[in-house]
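Asks:
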Amino acid sequence: MSEGIEKKRNKDLDRKRKSSEREKNIKASEDVSFDHRPPPAKIQRTGPFISSLFKSNPDIPKVDSSSVQTIKEEVFTSKKFGDLPLSPNMITNLEDRMNMKNMTTVQQLAIPRILQGQDALVKSQTGSGKTLAYAVPIVQKLQSITPKIDRSHGPYAIVVVPTRELATQSYEVFMKVCKPFVYVVPGCLMGGEKRKAEKARIRRGINVLVGTPGRLVDHLQNTHGLSVKHVQYLVLDEADRLLDMGYEKDVAQIVNSLNDYGETKRQTILLSATLSEGVERLAGMSLSNPAHVSVSSDDVDHDDNIDSGIENDKNEPKESFAVPQELKQHFVITPCKLRLVTLVAFILSKCRLNKNKSKMIVFLSTQDSVEFHHKLISDIFCKTKKKKVKSKTDMKSLKFDLFKLHGDMAQKERNEVFKKFSEISSGVLLCTDVAARGLDLPQVSWIVQYTTPGQTSDYIHRVGRTARVGSQGQSLLFLIPSEVNYIKQLNDKHISLKEMQMKNILESLMTVIEYIKFPEENKRQKPRMWEEAATAVHQLFEMYVAKHPSMTELSRRAYQSFIRAYATYPSHMKHIFSIKKVHLGHLAKSFALREAPGSIGVVQAKKYQEDHAQDKKDNRYVISILKKF
1 MSEGIEKKRN KDLDRKRKSS EREKNIKASE DVSFDHRPPP AKIQRTGPFI SSLFKSNPDI
61 PKVDSSSVQT IKEEVFTSKK FGDLPLSPNM ITNLEDRMNM KNMTTVQQLA IPRILQGQDA
121 LVKSQTGSGK TLAYAVPIVQ KLQSITPKID RSHGPYAIVV VPTRELATQS YEVFMKVCKP
181 FVYVVPGCLM GGEKRKAEKA RIRRGINVLV GTPGRLVDHL QNTHGLSVKH VQYLVLDEAD
241 RLLDMGYEKD VAQIVNSLND YGETKRQTIL LSATLSEGVE RLAGMSLSNP AHVSVSSDDV
301 DHDDNIDSGI ENDKNEPKES FAVPQELKQH FVITPCKLRL VTLVAFILSK CRLNKNKSKM
361 IVFLSTQDSV EFHHKLISDI FCKTKKKKVK SKTDMKSLKF DLFKLHGDMA QKERNEVFKK
421 FSEISSGVLL CTDVAARGLD LPQVSWIVQY TTPGQTSDYI HRVGRTARVG SQGQSLLFLI
481 PSEVNYIKQL NDKHISLKEM QMKNILESLM TVIEYIKFPE ENKRQKPRMW EEAATAVHQL
541 FEMYVAKHPS MTELSRRAYQ SFIRAYATYP SHMKHIFSIK KVHLGHLAKS FALREAPGSI
601 GVVQAKKYQE DHAQDKKDNR YVISILKKF
C-alpha cells in the first residue's frame, strides 16, 4: 500500500518539474528573437597574425641619450715622416711604397722618444697607428748599426703580442718597413704553427722576432738555437690584453730570460689603449724611468708637456676613454625574443640592401654562439641559388660573404679567414673577442656588439676595429631592457651613444621578405606589416632548427654557453648584468628554440661550478637553471 503511494508521489513531482522547465523555455523564447539560420561558424581572422614573438615582452624603457662631452684625440698631424731624422730610404719607403704621408699623433709623439733610446709607456686609442710608432724607430736603429747586422746574429728586437692574428699583422708591418733593408730579417712565432718549422726558421736567423707569449717562452726554454744576447728592444704591444688573457707570468719569464742572457743594454716599449693597475704593474716590472706618451688634446698642442713617469690610473671606474672622432656610436634595446631577428634584419639591411654594402664585424660572447649563428645565417641566406627576379633593387638573392673567427679554430683556418675578410670590400665576420684587440682589418664600416663586453675597456677595443686611422665608422650595441643602465656607465666614461629604434631595423624585412625562400609547409601571403615579416623570418629560423637535429644541438649548446658566460660578468657589474633578470624562455627563443633546452648534464654543471667558484650565489642559481631543463 505504502509503495503505491510513494510511486504516485514521485510521478507528481516529475510532472511538476517538467511543467516548470517548459514554462522557463517559453519565457526565454519570448525574450529573444527566433532565428531559423544555422549557428554561425567560427569567425575567421582576416587581419595580420602576430605570433608570441611580440607578446609578453617587457616594456622598452626610455633612455636619456643626450650626448656627453667626449675626450678628443687628434689622429693625424701636419708633421711628415720626412721631418724626422730618418734614413732617406726609410722616408721614401714610407711615403711612396706605403703611402704614409702624414704621421698620426701617437707616431709624432712616440717615434722621437724611442729614437732617443728611452723606455716608453705609450697610451693611445685603438686604430691610431701604434704599430708603426715602434716599428719605424726600431728598424731605423737596426739599419744604422755598423758593421751591418746579419740574420745569423739572431734577434735584436722581440715584439710580444697577445693573439696569433695580431702577431701575423705586426709581422707584415715589419716586412713592409724592412723592405729597403733586406739584411734586417723579421720573423713570426705563434701557437698553432709547427714547432719544427719554427725551429728551422730560427736556425736560419731572425732579427726582429714577433710572437705570442706562450710560444716565445716555449722556444726560449727549449730551442737552443735561439740566442737573446743581441736583443736591444723589447716591445709589449696591447699590454692590457696580455694581462686579460693571463699572460703576465709568461711576460715575466721573457723579461727574466732577457735579463739573464742579454749582453747589451735593452730598451723596452709598452703600448696600450688603456692604463689599469695591471698595466702599471707590468710596466714597473719591465720599464726603467719611462717616458709617458699619452695622446690627448693637450698633448697635441703642447708636445713638451709629456713627462717621465707612469700615470696613476688604478681605479678603472674613474678612467675616461678616448674614441676616434670619426666613430658614430649607437645602441638598440630589444626584448630577448626579438634579438635574433633584429640582428639578421640589421645585417641584411647594411650588407645586402644598402647600395654602399657594408663590411661588418659582429661580436658574440662564446664560440658556440659564433658557430650557431654562422651556421644558421649561412644555411638560410648565404647558400641560396640565385634567382632571376626583376626588381628595382636588381637583387637576385640575399647571398653575402659570411665568415667566423674564434679561438678554437685551427690556425690555418684562422689565417685564411683573416686574409679573406681583409681582402673583401663587403661582408660579415662573426667572432669572439679574439678579433677585438689590435687587428687592423681594412674598410670595416660597422661594429656590432651583439653581447655586451662588460668592462668599458673591452667596449673600446671592440669599437676600435672601425674608424681606424682617420676613416669613418659606426657601431651598434645590443641591449635587453634590463641592461639599459650600461648606457649610463658608458656616459660616465665620456662615451656618447645615440639610440636606434628596433622598429626601424625590423621594417627593413619588408623589403627582403620576397627574396627569402620559405619551405612548402610554411608558405604564406606577403606580409603587410613589419611585425608579420619579423614573425615569418623568425618562424623560418625555428622550423630550420627543429627540422635538423645537428642545428638543434648547436642551438642548445649556444644557449647554454650564453648562460654560463652571462654569469661571469665582474661583481661590480652584477646590478646591470644579472642572469636572474633574464627570462630564460625568451632567451631560448633568441636561439630559435621553441622551448628551453634540457639538462646539460651533471658533469658540465660541476665543471662550471669549479671554474667559477668566486661568485657562489650566482653559481648556485645558474647551476640550478642548467639542471632543471
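The numbering of the sequence shown is full-length UniProt numbering, which starts it at 1 and goes up by one.
Yeah, the Cβ is synthetic: ideal placement off N, Cα and C, and Gly gets one too.
All values derive from a computational prediction rather than experimental measurement.
Between the alpha carbons of Gln118 and Ala291, how many angstroms are there, rounded?
Replies: The straight-line gap from Cα to Cα measures roughly 7 Å.
Asks: Would you call the CB atoms of Ile424 and Asp401 closer than 8 Å?
Replies: A contact, by the Cβ cut-off of 8 Å.
Asks: Around the C-beta of Met103, are 16 or more other C-beta atoms found within 10 angstroms, so that it is buried, or is it exposed?
Replies: Classification for Met103: buried.
Asks: Which residue from Glu165, Gln472, Lys589, Met100 puts its Cα closest to that of Leu327?
Replies: Cα-wise, what sits closest to Leu327 is Gln472.
Asks: Apply the 10 Å Cβ neighbour rule to Asn259 and answer buried if 16 or more other Cβ atoms are within range, or exposed otherwise.
Replies: Asn259 is exposed by the Cβ-count criterion.
Asks: Beta-carbon within less than 6 Å of Cys188's beta-carbon, same chain only, minus the 5 sequence neighbours each way: which residues are those?
Replies: Ala167, Tyr171, Val210.
Asks: Between the alpha carbons of Lys580 and Val106, how many angstroms are there, rounded?
Replies: Roughly 44 Å between the two C-alpha positions.
Asks: Going by CA-CA distance only, name the one from Arg164, Phe478, Tyr183 that's closest to Val139.
Replies: The shortest Cα separation from Val139 among Arg164, Phe478, Tyr183 belongs to Tyr183.
Asks: Would you mind reading off the limits of the alpha helix (DSSP H) that contains Tyr459?
Replies: Start and end: 456 to 463.
Asks: Let's test the definition: count the other Cβ atoms within 10 Å of the Cβ of Pro40 and tell me whether it reaches 16, buried, or not, exposed.
Replies: Any reading at Pro40 is ruled out, since the residue's pLDDT is 46, under 50, leaving its predicted position unreliable.
Asks: Report yes or no: do the region 348 to 366 and the region 477 to 492 share at least 3 C-beta pairs separated by less than 8 Å?
Replies: Too few Cβ pairs lie closer than 8 Å, so no.
Asks: In the structure shown, what three-state DSSP assignment does Tyr247 receive?
Replies: Coil at Tyr247, not helix or strand.
Asks: For His230, which three-state DSSP category applies?
Replies: His230 falls in the coil class under three-state DSSP.
Asks: In chain order, what are the residue ranges of uninterrupted alpha helix (DSSP H) at least 4 long that sit wholly in the region 492 to 567?
Replies: Correct list: 502 to 506, 509 to 512, 530 to 547, 549 to 566.
Asks: Tell me which residue opens and which closes the beta strand (DSSP E) that Ile158 is part of.
Replies: Looking at the DSSP string, the run of the beta strand (DSSP E) that includes Ile158 is 157 to 160.
Asks: Count the CB pairs spanning the region 531 to 548 and the region 566 to 582 that are closer than 8 Å, and state whether there are at least three.
Replies: No: the two stretches stay apart, fewer than three of their Cβ pairs being nearer than 8 Å.
Asks: Does the Cβ-Cβ distance between Asp478 and Val255 come in under 8 Å?
Replies: Note that residue 478 is Phe in the sequence shown here, rather than Asp. No, the Cβ-Cβ distance between Phe478 and Val255 is not below 8 Å.
Asks: Which one or two residues does DSSP pair with Val448 in a beta bridge?
Replies: Note: Val448 sits in a beta bridge opposite Val362, Leu476.
Asks: Determine the DSSP secondary structure at Val106, reduced to helix, strand or coil.
Replies: Val106 falls in the helix class under three-state DSSP.
Asks: Does DSSP put Asn10 in a helix, in a strand, or in coil?
Replies: Note: Asn10 maps to helix in three-state DSSP.
Asks: Can you tell me where the beta strand (DSSP E) with Pro186 in it begins and where it stops?
Replies: Note, Pro186: beta strand (DSSP E), 186 to 189.
Asks: Tell whether a beta-carbon distance below 8 Å holds between His373 and Ser475.
Replies: Contact flag unset, no.
Asks: Any contact of the region 227 to 236 with the region 148 to 160, i.e. 3+ C-beta pairs under 8 Å?
Replies: The answer is yes - the region 148 to 160 touches the region 227 to 236, with three or more Cβ pairs under 8 Å.
Asks: For residue 673, which residues does DSSP report across the bridge?
Replies: The structure shown does not extend to residue 673, since the chain spans only 1 to 629, so no value can be given for it.
Asks: Evaluate the contact criterion for the region 556 to 572 versus the region 582 to 596: three or more CB pairs, one atom per stretch, below 8 Å.
Replies: As far as the Cβ criterion goes, the region 556 to 572 touches the region 582 to 596, which means the pair count is three or higher.
Asks: Is the beta carbon of Val185 sitting closer than 8 Å to the one on Ile206?
Replies: It is a contact, given that the beta carbons lie within the stated cut-off.
Asks: Under the DSSP definition of a beta bridge, which residues are partnered with Thr268?
Replies: The partner list for Thr268 (beta bridge, DSSP) reads Leu234.
Asks: Specify the secondary structure class of Ala82 as computed by DSSP and reduced to three states.
Replies: Looking at the sequence shown, residue 82 is not Ala but Gly. Correct three-state label for Gly82: helix.
Asks: Which of helix, strand or coil does DSSP assign to Phe181?
Replies: Looking at Phe181 - three-state DSSP - the assignment turns out to be coil, as it is neither helix nor strand.
Asks: Kindly indicate the opening and closing residues of the beta strand (DSSP E) around Leu121.
Replies: Taken as a continuous stretch (DSSP letters only), the beta strand (DSSP E) holding Leu121 covers 120 to 123.
Asks: Residues in the same chain with beta-carbon distance under 6 Å from Lys148, minus the five sequence neighbours each way, listed in chain order, please.
Replies: Cβ neighbours of Lys148 beyond the five flanking positions: Tyr183.
Asks: Measuring alpha carbon to alpha carbon, tell me which residue in Ala252, Val344, Ser227, Gly284 is nearest Thr262.
Replies: One detail in the question is off: residue 262 reads as Gly in this sequence, not Thr. Of Ala252, Val344, Ser227, Gly284, the residue nearest in Cα terms is Ser227.
Asks: DSSP three-state call for Phe346: helix, strand or coil?
Replies: Of the three classes helix, strand and coil, the one that applies to Phe346 here is helix, per DSSP.
Asks: Kindly give me the distance between the Cβ atoms of Leu270 and Leu236, rounded to whole angstroms, as I take these residues to be in contact under 8 Å.
Replies: Right, the Cβ-Cβ distance comes to about 5 Å (below 8 Å), so this counts as a contact.
Asks: Between Gly82 and the rest of its own chain, which residues show a CB-CB distance below 6 Å, the 5 nearest in sequence each way excluded?
Replies: Ile91, listed in sequence order.
Asks: Can you grab the Cα-Cα spacing for the pair Leu593 / Leu405, in whole Å?
Replies: Their backbone Cα atoms lie some 24 Å apart in a straight line.
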